[in-house]
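Here the structure is laid out as C-alpha coordinates; the discussion comes afterwards.
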Amino acid sequence: MATIIILFKNPENQRIPEGSLIAKLQRLNIVNLLIFTGSIVCFLLALQWGGTTYSWNSGRVIALLVAAGVSFAFFLAIEVLRKGRATIPSSVILNRTAGLCLVYAFCTSSAFAVMDYLLPIWFQAIKGASAAQSGLMLLPSVIGLSVAAISSGFIVSFVGYYTPLMLLGSTMMAIGFGFLTTFTPTTGRAAWIGWQAMFSFGIGLAFPQPWSAPQTVLAAEDIPAAMAAVGFAISIGAALFISISQNIFTNLLRNGLSDVPGIEVNEIVNQGATNLLQTVPISEREQVVHIYNSAITTTFWACVAVVCLGMLAALSMEWKSVKDAKRDAKSEK
1 MATIIILFKN
11 PENQRIPEGS
21 LIAKLQRLNI
31 VNLLIFTGSI
41 VCFLLALQWG
51 GTTYSWNSGR
61 VIALLVAAGV
71 SFAFFLAIEV
81 LRKGRATIPS
91 SVILNRTAGL
101 CLVYAFCTSS
111 AFAVMDYLLP
121 IWFQAIKGAS
131 AAQSGLMLLP
141 SVIGLSVAAI
151 SSGFIVSFVG
161 YYTPLMLLGS
171 TMMAIGFGFL
181 TTFTPTTGRA
191 AWIGWQAMFS
201 FGIGLAFPQP
211 WSAPQTVLAA
221 EDIPAAMAAV
231 GFAISIGAAL
241 FISISQNIFT
251 NLLRNGLSDV
261 PGIEVNEIVN
271 QGATNLLQTV
281 PISEREQVVH
291 IYNSAITTTF
301 WACVAVVCLG
311 MLAALSMEWK
321 SVKDAKRDAK
331 SEK
(Lines of atoms letter the chains of each structure in order from A; the text may use other names.)
(Lines give C-alpha, C1' and ligand atoms only; values in the text may rest on other atoms or scores of the structure.)
Protein backbone atom coordinates (compact mmCIF):
# COMPACT_ATOMS: atom_id res chain seq x y z
CA MET A 1 0.00 0.00 0.00
CA ALA A 2 2.85 2.39 0.82
CA THR A 3 4.41 1.74 -2.61
CA ILE A 4 1.09 2.41 -4.34
CA ILE A 5 0.61 5.67 -2.43
CA ILE A 6 4.14 6.85 -3.30
CA LEU A 7 3.98 5.91 -6.99
CA PHE A 8 0.36 6.87 -7.66
CA LYS A 9 -0.08 9.73 -10.10
CA ASN A 10 -3.45 11.38 -10.48
CA PRO A 11 -4.37 11.35 -14.21
CA GLU A 12 -4.32 14.72 -15.90
CA ASN A 13 -7.22 16.17 -17.87
CA GLN A 14 -9.83 13.88 -16.38
CA ARG A 15 -13.14 14.06 -18.22
CA ILE A 16 -16.11 13.84 -15.88
CA PRO A 17 -19.24 12.70 -17.76
CA GLU A 18 -21.98 15.30 -17.75
CA GLY A 19 -25.70 14.69 -17.36
CA SER A 20 -28.19 13.54 -14.77
CA LEU A 21 -27.78 10.48 -12.56
CA ILE A 22 -30.25 8.53 -14.71
CA ALA A 23 -28.28 9.37 -17.87
CA LYS A 24 -25.07 8.20 -16.22
CA LEU A 25 -26.72 4.93 -15.13
CA GLN A 26 -27.98 4.37 -18.67
CA ARG A 27 -24.41 4.66 -19.94
CA LEU A 28 -23.46 1.78 -17.64
CA ASN A 29 -25.60 -0.58 -19.77
CA ILE A 30 -26.67 -2.55 -16.69
CA VAL A 31 -29.31 -4.64 -18.50
CA ASN A 32 -26.82 -5.97 -21.03
CA LEU A 33 -24.31 -6.72 -18.29
CA LEU A 34 -26.95 -8.74 -16.44
CA ILE A 35 -27.72 -10.66 -19.64
CA PHE A 36 -24.03 -11.43 -20.12
CA THR A 37 -23.63 -12.45 -16.48
CA GLY A 38 -26.57 -14.83 -16.85
CA SER A 39 -24.96 -16.32 -19.95
CA ILE A 40 -21.68 -16.96 -18.14
CA VAL A 41 -23.40 -18.42 -15.07
CA CYS A 42 -25.42 -20.84 -17.23
CA PHE A 43 -22.31 -21.90 -19.13
CA LEU A 44 -20.26 -22.43 -15.97
CA LEU A 45 -23.06 -24.46 -14.38
CA ALA A 46 -23.26 -26.62 -17.50
CA LEU A 47 -19.51 -27.23 -17.32
CA GLN A 48 -19.74 -27.95 -13.60
CA TRP A 49 -22.57 -30.48 -13.95
CA GLY A 50 -21.82 -31.98 -17.36
CA GLY A 51 -20.39 -35.49 -17.15
CA THR A 52 -20.26 -35.43 -13.33
CA THR A 53 -23.51 -34.57 -11.55
CA TYR A 54 -25.57 -35.10 -14.73
CA SER A 55 -24.75 -36.65 -18.10
CA TRP A 56 -24.02 -34.31 -21.01
CA ASN A 57 -27.25 -35.30 -22.77
CA SER A 58 -29.44 -34.63 -19.72
CA GLY A 59 -32.18 -32.01 -19.97
CA ARG A 60 -30.63 -29.78 -17.31
CA VAL A 61 -27.23 -29.53 -19.00
CA ILE A 62 -28.71 -29.02 -22.48
CA ALA A 63 -31.08 -26.35 -21.15
CA LEU A 64 -28.18 -24.50 -19.51
CA LEU A 65 -26.10 -24.60 -22.70
CA VAL A 66 -29.04 -23.35 -24.78
CA ALA A 67 -29.76 -20.57 -22.27
CA ALA A 68 -26.08 -19.57 -22.30
CA GLY A 69 -26.00 -19.44 -26.10
CA VAL A 70 -29.25 -17.50 -26.47
CA SER A 71 -28.42 -14.94 -23.78
CA PHE A 72 -24.92 -14.44 -25.23
CA ALA A 73 -26.47 -13.85 -28.67
CA PHE A 74 -28.77 -11.22 -27.09
CA PHE A 75 -25.73 -9.60 -25.47
CA LEU A 76 -23.91 -9.38 -28.81
CA ALA A 77 -27.00 -8.02 -30.58
CA ILE A 78 -27.43 -5.25 -28.00
CA GLU A 79 -23.71 -4.43 -28.22
CA VAL A 80 -24.01 -4.00 -32.00
CA LEU A 81 -27.13 -1.84 -31.73
CA ARG A 82 -25.62 0.46 -29.09
CA LYS A 83 -22.52 1.09 -31.27
CA GLY A 84 -20.47 3.80 -29.56
CA ARG A 85 -22.36 3.34 -26.28
CA ALA A 86 -21.66 -0.39 -26.11
CA THR A 87 -20.07 -2.00 -23.05
CA ILE A 88 -16.93 -2.52 -25.13
CA PRO A 89 -16.92 0.18 -27.85
CA SER A 90 -16.52 -0.91 -31.45
CA SER A 91 -13.49 1.38 -31.72
CA VAL A 92 -11.74 -0.98 -29.29
CA ILE A 93 -12.97 -4.30 -30.69
CA LEU A 94 -12.37 -3.37 -34.34
CA ASN A 95 -8.89 -2.02 -33.72
CA ARG A 96 -6.62 -4.89 -34.74
CA THR A 97 -4.10 -4.64 -31.93
CA ALA A 98 -6.59 -3.75 -29.18
CA GLY A 99 -9.00 -6.52 -30.19
CA LEU A 100 -6.23 -9.11 -30.40
CA CYS A 101 -4.96 -7.94 -27.00
CA LEU A 102 -8.26 -9.09 -25.51
CA VAL A 103 -7.75 -12.53 -27.09
CA TYR A 104 -4.16 -12.64 -25.84
CA ALA A 105 -5.14 -11.58 -22.31
CA PHE A 106 -7.91 -14.22 -22.27
CA CYS A 107 -5.53 -16.99 -23.38
CA THR A 108 -2.71 -16.01 -21.04
CA SER A 109 -4.88 -15.78 -17.94
CA SER A 110 -6.64 -19.04 -18.86
CA ALA A 111 -3.38 -20.98 -19.03
CA PHE A 112 -2.01 -19.41 -15.84
CA ALA A 113 -5.20 -20.13 -13.89
CA VAL A 114 -5.18 -23.80 -14.93
CA MET A 115 -1.53 -24.22 -14.00
CA ASP A 116 -2.20 -22.55 -10.66
CA TYR A 117 -5.13 -24.94 -10.11
CA LEU A 118 -3.70 -28.28 -11.31
CA LEU A 119 -0.03 -28.14 -10.34
CA PRO A 120 -0.70 -28.13 -6.57
CA ILE A 121 -3.03 -31.11 -7.11
CA TRP A 122 -0.20 -32.93 -8.91
CA PHE A 123 2.20 -32.24 -6.04
CA GLN A 124 -0.28 -33.48 -3.45
CA ALA A 125 -1.74 -36.49 -5.27
CA ILE A 126 1.33 -37.74 -7.12
CA LYS A 127 4.22 -36.63 -4.90
CA GLY A 128 2.32 -37.06 -1.62
CA ALA A 129 3.00 -33.49 -0.50
CA SER A 130 0.86 -31.71 2.07
CA ALA A 131 -0.93 -28.47 1.22
CA ALA A 132 1.88 -26.46 2.87
CA GLN A 133 4.58 -28.46 1.09
CA SER A 134 2.89 -28.01 -2.29
CA GLY A 135 2.90 -24.27 -1.66
CA LEU A 136 6.67 -24.37 -1.14
CA MET A 137 7.05 -26.49 -4.28
CA LEU A 138 5.34 -23.68 -6.23
CA LEU A 139 8.03 -21.16 -5.25
CA PRO A 140 9.81 -21.51 -8.64
CA SER A 141 6.59 -20.28 -10.26
CA VAL A 142 6.29 -17.32 -7.92
CA ILE A 143 9.93 -16.32 -8.33
CA GLY A 144 9.94 -16.76 -12.11
CA LEU A 145 6.75 -14.77 -12.56
CA SER A 146 7.84 -11.95 -10.25
CA VAL A 147 11.30 -11.53 -11.80
CA ALA A 148 9.94 -11.63 -15.36
CA ALA A 149 7.06 -9.24 -14.67
CA ILE A 150 9.39 -6.64 -13.16
CA SER A 151 11.99 -7.11 -15.90
CA SER A 152 9.43 -6.83 -18.69
CA GLY A 153 8.55 -3.28 -17.70
CA PHE A 154 12.18 -2.15 -17.97
CA ILE A 155 12.65 -4.03 -21.25
CA VAL A 156 9.60 -2.45 -22.90
CA SER A 157 10.64 1.00 -21.68
CA PHE A 158 14.13 0.51 -23.13
CA VAL A 159 13.28 -1.26 -26.41
CA GLY A 160 9.95 0.44 -26.99
CA TYR A 161 8.14 -2.62 -28.36
CA TYR A 162 5.85 -4.96 -26.41
CA THR A 163 5.20 -7.51 -29.20
CA PRO A 164 8.56 -9.36 -28.86
CA LEU A 165 7.88 -10.01 -25.18
CA MET A 166 4.39 -11.29 -25.99
CA LEU A 167 5.86 -13.73 -28.52
CA LEU A 168 8.73 -14.78 -26.26
CA GLY A 169 6.39 -15.19 -23.30
CA SER A 170 3.95 -17.31 -25.29
CA THR A 171 6.78 -19.48 -26.61
CA MET A 172 8.14 -20.11 -23.11
CA MET A 173 4.63 -20.85 -21.84
CA ALA A 174 3.97 -23.34 -24.65
CA ILE A 175 7.29 -25.12 -24.10
CA GLY A 176 6.84 -25.17 -20.33
CA PHE A 177 3.28 -26.45 -20.53
CA GLY A 178 4.32 -28.99 -23.16
CA PHE A 179 6.85 -30.47 -20.77
CA LEU A 180 4.31 -30.43 -17.93
CA THR A 181 2.32 -32.94 -20.02
CA THR A 182 5.29 -35.35 -19.78
CA PHE A 183 5.25 -35.48 -15.97
CA THR A 184 5.07 -38.93 -14.39
CA PRO A 185 5.06 -40.14 -10.77
CA THR A 186 8.85 -40.56 -11.05
CA THR A 187 9.58 -37.06 -12.41
CA GLY A 188 12.52 -35.63 -10.51
CA ARG A 189 12.87 -32.34 -8.68
CA ALA A 190 15.04 -30.72 -11.34
CA ALA A 191 12.36 -31.29 -14.00
CA TRP A 192 9.36 -29.95 -12.09
CA ILE A 193 11.34 -26.96 -10.82
CA GLY A 194 12.78 -26.10 -14.24
CA TRP A 195 9.65 -26.45 -16.35
CA GLN A 196 7.32 -24.61 -14.00
CA ALA A 197 9.94 -21.85 -13.74
CA MET A 198 10.08 -21.59 -17.54
CA PHE A 199 6.30 -21.45 -17.85
CA SER A 200 6.00 -18.86 -15.08
CA PHE A 201 8.80 -16.73 -16.52
CA GLY A 202 6.89 -16.72 -19.80
CA ILE A 203 3.73 -15.67 -17.97
CA GLY A 204 5.62 -12.84 -16.28
CA LEU A 205 6.89 -11.55 -19.63
CA ALA A 206 3.52 -11.87 -21.36
CA PHE A 207 0.98 -10.87 -18.73
CA PRO A 208 1.68 -7.09 -18.49
CA GLN A 209 1.78 -6.50 -22.25
CA PRO A 210 -1.99 -6.47 -23.01
CA TRP A 211 -2.16 -3.44 -20.71
CA SER A 212 0.52 -1.59 -22.70
CA ALA A 213 -0.63 -2.25 -26.25
CA PRO A 214 -4.04 -0.47 -26.19
CA GLN A 215 -2.44 2.64 -24.72
CA THR A 216 -0.09 2.70 -27.71
CA VAL A 217 -2.59 2.23 -30.55
CA LEU A 218 -5.85 3.80 -29.33
CA ALA A 219 -7.07 7.36 -29.00
CA ALA A 220 -6.99 8.77 -25.47
CA GLU A 221 -10.78 8.65 -25.07
CA ASP A 222 -10.86 4.90 -25.85
CA ILE A 223 -8.09 3.85 -23.47
CA PRO A 224 -10.19 3.59 -20.25
CA ALA A 225 -12.71 1.29 -21.97
CA ALA A 226 -9.87 -0.78 -23.42
CA MET A 227 -8.21 -1.16 -20.01
CA ALA A 228 -11.50 -2.30 -18.50
CA ALA A 229 -11.97 -4.76 -21.37
CA VAL A 230 -8.49 -6.24 -20.83
CA GLY A 231 -9.22 -6.72 -17.13
CA PHE A 232 -12.52 -8.34 -18.01
CA ALA A 233 -10.86 -10.70 -20.53
CA ILE A 234 -8.34 -11.76 -17.89
CA SER A 235 -11.05 -12.45 -15.30
CA ILE A 236 -13.42 -14.28 -17.63
CA GLY A 237 -10.59 -16.37 -19.11
CA ALA A 238 -9.50 -17.59 -15.69
CA ALA A 239 -13.06 -18.34 -14.57
CA LEU A 240 -14.00 -20.24 -17.73
CA PHE A 241 -10.84 -22.28 -18.07
CA ILE A 242 -10.69 -23.35 -14.44
CA SER A 243 -14.19 -24.74 -14.89
CA ILE A 244 -13.30 -26.31 -18.26
CA SER A 245 -10.10 -27.89 -16.94
CA GLN A 246 -11.86 -29.17 -13.83
CA ASN A 247 -14.49 -30.84 -16.00
CA ILE A 248 -11.88 -32.43 -18.29
CA PHE A 249 -9.80 -33.61 -15.33
CA THR A 250 -12.76 -35.02 -13.40
CA ASN A 251 -14.17 -36.89 -16.39
CA LEU A 252 -10.78 -38.36 -17.29
CA LEU A 253 -10.26 -39.39 -13.67
CA ARG A 254 -13.68 -41.03 -13.42
CA ASN A 255 -13.21 -42.92 -16.68
CA GLY A 256 -9.80 -44.17 -15.61
CA LEU A 257 -10.83 -45.18 -12.09
CA SER A 258 -13.91 -47.04 -13.32
CA ASP A 259 -11.60 -49.80 -14.61
CA VAL A 260 -9.94 -50.32 -11.22
CA PRO A 261 -11.66 -53.04 -9.15
CA GLY A 262 -12.40 -52.63 -5.46
CA ILE A 263 -12.39 -48.83 -5.16
CA GLU A 264 -15.11 -46.22 -4.76
CA VAL A 265 -14.74 -43.81 -7.68
CA ASN A 266 -16.94 -41.09 -6.15
CA GLU A 267 -15.07 -41.25 -2.86
CA ILE A 268 -11.69 -40.70 -4.51
CA VAL A 269 -12.94 -37.96 -6.86
CA ASN A 270 -14.84 -36.03 -4.18
CA GLN A 271 -12.19 -36.37 -1.50
CA GLY A 272 -9.49 -34.45 -3.34
CA ALA A 273 -5.77 -34.93 -3.61
CA THR A 274 -4.48 -34.38 -0.07
CA ASN A 275 -5.29 -37.81 1.38
CA LEU A 276 -5.41 -39.77 -1.86
CA LEU A 277 -2.70 -42.29 -1.01
CA GLN A 278 -4.17 -43.01 2.44
CA THR A 279 -7.62 -43.96 1.11
CA VAL A 280 -6.53 -46.31 -1.70
CA PRO A 281 -5.68 -49.96 -0.94
CA ILE A 282 -1.95 -50.66 -1.20
CA SER A 283 -2.52 -53.21 -3.96
CA GLU A 284 -4.21 -50.59 -6.18
CA ARG A 285 -2.24 -47.54 -5.11
CA GLU A 286 0.29 -47.50 -7.96
CA GLN A 287 -2.40 -47.89 -10.62
CA VAL A 288 -4.56 -45.13 -9.11
CA VAL A 289 -1.60 -42.74 -8.92
CA HIS A 290 -0.81 -43.34 -12.61
CA ILE A 291 -4.47 -42.71 -13.53
CA TYR A 292 -4.48 -39.51 -11.48
CA ASN A 293 -1.24 -38.39 -13.10
CA SER A 294 -2.58 -39.13 -16.59
CA ALA A 295 -5.78 -37.15 -15.93
CA ILE A 296 -3.78 -34.09 -14.83
CA THR A 297 -1.17 -34.17 -17.61
CA THR A 298 -3.77 -34.80 -20.32
CA THR A 299 -5.72 -31.75 -19.11
CA PHE A 300 -2.56 -29.67 -19.58
CA TRP A 301 -2.90 -30.20 -23.35
CA ALA A 302 -5.93 -27.89 -23.37
CA CYS A 303 -3.66 -25.18 -22.01
CA VAL A 304 -1.00 -25.83 -24.66
CA ALA A 305 -3.72 -25.20 -27.25
CA VAL A 306 -4.94 -21.95 -25.66
CA VAL A 307 -1.36 -20.66 -25.28
CA CYS A 308 -0.73 -21.33 -28.98
CA LEU A 309 -3.92 -19.41 -29.81
CA GLY A 310 -2.55 -16.48 -27.81
CA MET A 311 0.70 -16.73 -29.75
CA LEU A 312 -1.21 -16.45 -33.03
CA ALA A 313 -2.94 -13.33 -31.67
CA ALA A 314 0.45 -11.79 -30.80
CA LEU A 315 1.83 -12.61 -34.26
CA SER A 316 -1.08 -10.70 -35.84
CA MET A 317 -0.58 -7.47 -33.88
CA GLU A 318 0.93 -4.23 -35.14
CA TRP A 319 4.49 -3.41 -34.16
CA LYS A 320 4.16 0.06 -32.68
CA SER A 321 6.57 1.66 -30.26
CA VAL A 322 5.39 2.92 -26.89
CA LYS A 323 8.03 5.64 -27.24
CA ASP A 324 6.28 7.00 -30.34
CA ALA A 325 2.96 7.00 -28.48
CA LYS A 326 4.49 9.00 -25.62
CA ARG A 327 5.98 11.53 -28.03
CA ASP A 328 2.64 11.92 -29.81
CA ALA A 329 0.87 12.48 -26.48
CA LYS A 330 3.38 15.17 -25.49
CA SER A 331 3.10 16.93 -28.86
CA GLU A 332 -0.70 17.06 -28.54
CA LYS A 333 -0.34 18.84 -25.21
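Residue numbers (the UniProt record's numbering): 1 to 333. Built from N, CA and C at the ideal position, the CB exists for glycine as well.
Around the C-beta of residue i, are 16 or more other C-beta atoms found within 10 angstroms, so that it is buried, or is it exposed?
i      : result
Thr279 : exposed
Glu79  : buried
Pro261 : exposed
Phe158 : exposed
Phe36  : buried
Ala219 : exposed
Trp192 : buried
Phe154 : exposed
Asn270 : exposed
Thr182 : exposed
Asn293 : buried
Asn32  : buried
Trp122 : buried
Thr47  : Checking the sequence, you will find Leu at residue 47 rather than Thr. Leu47 should be labelled buried.
Leu102 : buried
Ala225 : buried
Gly69  : exposed
By how many angstroms is the C-alpha of residue j removed from the C-alpha of residue i?
i      : j      : result
Pro185 : Leu167 : 32 Å
Val92  : Met227 : 10 Å
Ile30  : Ala148 : 38 Å
Leu257 : Thr299 : 16 Å
Ile234 : Ile282 : 43 Å
Gln133 : Pro120 : 9 Å
Trp211 : Ala131 : 33 Å
Leu254 : Ile296 : Note on identity: in this sequence residue 254 is Arg, with Leu being the wrong assignment. Distance between the alpha carbons of Arg254 and Ile296: 12 Å.
Leu309 : Thr53  : 31 Å
Leu315 : Ser71  : 32 Å
Cys42  : Gly160 : 42 Å
Put residue i into one of helix, strand or coil per three-state DSSP.
i           : result
Gly50       : strand
residue 340 : Beyond the ends of the chain as shown, which are 1 and 333, falls residue 340; an answer cannot be given.
Phe183      : coil
Ala229      : helix
Asn32       : helix
Leu138      : coil
Lys320      : coil
Gly69       : helix
Trp211      : helix
Leu205      : helix
residue 335 : Limits of the chain in this structure are 1 at one end and 333 at the other, which puts residue 335 out of reach.
Glu267      : helix
Query raised in the report: Per the contact definition of three or more C-beta pairs closer than 8 Å, is the region 301-309 in contact with the region 283-290?
Result: Two segments are said to touch when three or more pairs of C-beta atoms, one from each, lie closer than 8 Å; by this definition the region 283-290 does not touch the region 301-309.
Query raised in the report: Do the region 196-208 and the region 158-177 meet, that is, are 3 or more Cβ pairs less than 8 Å apart?
Result: Flag = yes, the region 196-208 and the region 158-177 touch.
Query - Complete runs of the alpha helix (DSSP H) confined to the region 151-200 [at least 4 residues] - result: Along the region 151-200, the alpha helix (DSSP H) occurs as fully enclosed runs of 4 or more residues at 163-180, listed in sequence order.
Query raised in the report: What runs of the alpha helix (DSSP H), each 4 residues or longer, lie entirely inside the region 280-316?
Result: 282-315, all fully within the region 280-316.
**Report entry** the region 105-123 in contact with the region 239-252 per 3-pair CB rule at 8 Å
**Finding:** Touching, yes, given that three or more Cβ pairs across the two stretches are closer than 8 Å.
Report task. Tell me the start and end of each unbroken alpha helix (DSSP H) in the region 74-117 that is at least 4 residues and wholly inside, in chain order. Result -> Runs found: 90-93.
Query raised in the report: Touch check for the region 91-109 and the region 243-254: three-plus C-beta pairs under 8 Å?
Result: The region 91-109 is not in contact with the region 243-254.
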